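Following my numbering, the numbering of the sequence shown begins with 5 at its first residue and continues without gaps.
Think of the CB as a built atom: it goes at the ideal place given N, C-alpha and C, for glycine as much as any other residue.
What you are looking at is a predicted structure, and each value in this text was computed from that prediction instead of being measured.
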Amino acid sequence: MSVNKAILVGRLGKDPETRYTSGGQAVCNFSMATDETYKDRSGERQKRTEWHRIVVWGKQAEIAQQYLRKGSLIYLEGRIQSRQWDDREGQKRTTVEIVANSFRMLGGRGDAAAAGAASGGGATTASADSDFHAAPSDDVSSPEVSDEDIPF
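Take a look at the structure:
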């Protein structure tokens, strides 16, 4: 038996970028930073930031594109995946990514507003197994949307 599971809590380093495969499936990429604080040998407090490449597929990718923004605080679960390719000079390159199978927006109203959605202090989950319903689109003919109208 083996387990390949990554759990991260951190902030997005840039806005998500979504593309579509030739088959029409959405794939979203973004970077995520996690911080670690520790004391060095001299007793000074140090902070180390680790950057992660995140890949989200399908409906979750569309949700990430719609609601996540640079600086958004999220909880993410997924698996670690490495890929190899040859660059333009013929050198072998390797990258390690986290392929997310679910994520949850964390933080209060300020974090959600920065992420482009008002969560009312709660959290939003996007999971491969969930039926997530996004907020109504900004249609000119639709009535104004309040916090109570948002489904999360």
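- Task: State the CB to CB distance for the pair R83 and V59, rounded to an integer number of angstroms; the pair is presumed to be in contact (CB under 8 Å).
- Result: That belief does not hold up - the Cβ atoms of R83 and V59 are roughly 10 Å apart, past 8 Å.
- Message: Just to confirm, is the Cβ distance from L12 to F34 under 8 Å?
- Response: no
- What's the call for Y24, buried or exposed, on a 16-neighbour Cβ count within 10 Å? exposed
- Task: Note down the Cα distance separating R3 from R87, rounded to an integer number of angstroms.
- Result: Nothing in the structure corresponds to residue 3, since the chain is present only between 5 and 156.
- Boundaries of the beta strand (DSSP E) in which G82 is found, first to last residue: 77-90
- Item | Collapsed DSSP secondary structure at K43 in the structure displayed | strand
- Query: Looking only at its own chain, which residues have a Cβ that is under 7 Å from the Cβ of Q29, when we skip the five neighbours before and after it?
  - Reply: W61, G62
- Item | Helix, strand or coil at Q50 [DSSP, three-state] | strand
- Task: Check the C-beta distance from P20 over to L77 and give it rounded, since I have them as a contact under 8 Å.
- Result: Not a contact, Cβ separation roughly 14 Å.
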